[in-house]
């Protein structure tokens with residue numbers, strides 16, 4: 500009885516695979532040839548499509564030039580960290596330069612900048628408005 504069940508399962512399994520088009524049906528020779536040809540044609544079509552896609556693929560240098568890829572020799576897994584580090588280093592350098600830049604008065608004395616004739620009037624107007632604002636706050640409090 501167990502042998503009959505095993506035989507039934509052994510026979511049913513290939514039939515199920517054939518019905519689901521996982522296993523080619525070997526009983527019908529012309530049908531098999533047609534399935535085989537269709538299968539090969541589909542594989543060839545996929546292969547051709549892949550080849551065309553790879554031919555149209557831009558070169559790495561083009562992608563680097565267009566800022567799509569990083570120009571880096573680092574492993575791809577750490578390129579993001581490398582980019583973050585470079586960003587922070589640029590920010591630190593910029594902050595350092597800003598901290599040590601000369602003030603406008605020194606640049607005017609050295610002749611690098613020309614004094615703005617309207618600056619004195621603007622400074623005076625700013626001071627007046629600030630005093631008015633303080634007076635409003637002191638009076639309103």
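In our numbering, the protein residues as written are 500 to 640. We put the CB at the ideal spot given by N, CA and C, even for glycine.
Between the C-alpha atoms of residue i and residue j, what's the straight-line distance to the nearest angstrom?
i, j, result
"residue 610", "residue 599", "19 Å"
"residue 463", "residue 556", "The requested residue 463 does not occur in the structure, where the chain is confined to residues 500 to 640."
"residue 718", "residue 587", "Lying outside 500 to 640, the shown extent of the chain, residue 718 is not represented and no answer is given."
"residue 621", "residue 627", "10 Å"
"residue 641", "residue 596", "The structure shown has nothing for residue 641, since the chain only spans 500 to 640."
"residue 519", "residue 536", "18 Å"
"residue 580", "residue 573", "10 Å"
"residue 592", "residue 548", "49 Å"
"residue 625", "residue 583", "41 Å"
"residue 623", "residue 575", "57 Å"
"residue 577", "residue 618", "50 Å"
"residue 637", "residue 631", "10 Å"
"residue 550", "residue 590", "44 Å"
Grab me the residues of residue i's own chain with a C-beta within less than 7 Å of its C-beta, minus the 5 sequence neighbours each way, in chain order.
i, result
"residue 562", "568"
"residue 559", "568"
"residue 603", "612"
Could you spell out where the alpha helix (DSSP H) holding residue i opens and where it closes?
i, result
"residue 579", "578 to 598"
"residue 573", "Looking at the DSSP string, residue 573 is not in any alpha helix (DSSP H), and its letter there is neither H nor E."
"residue 562", "559 to 564"
Looking only at its chain, what residues have a beta carbon closer than 8 Å to the beta carbon of residue i, apart from the 5 residues adjacent to it on each side?
i, result
"residue 513", "522"
"residue 607", "613, 614"
Any chance the CB of residue i is under 7 Å from a heavy atom of the ligand HEM?
i, result
"residue 521", "Summarising the ligand content, the structure contains no ligands, and the ligand HEM is consequently not present."
Does any C-beta atom of chain B lie closer than 8 Å to the C-beta of residue i?
i, result
"residue 592", "No chain B appears in the structure shown, which is made up of a single protein chain."
Could you name each continuous alpha helix (DSSP H) segment of 4 residues or more that falls completely within the stretch 597 to 622, going from the start of the chain to the end? List check, alpha helix (DSSP H) in window: 603 to 608.
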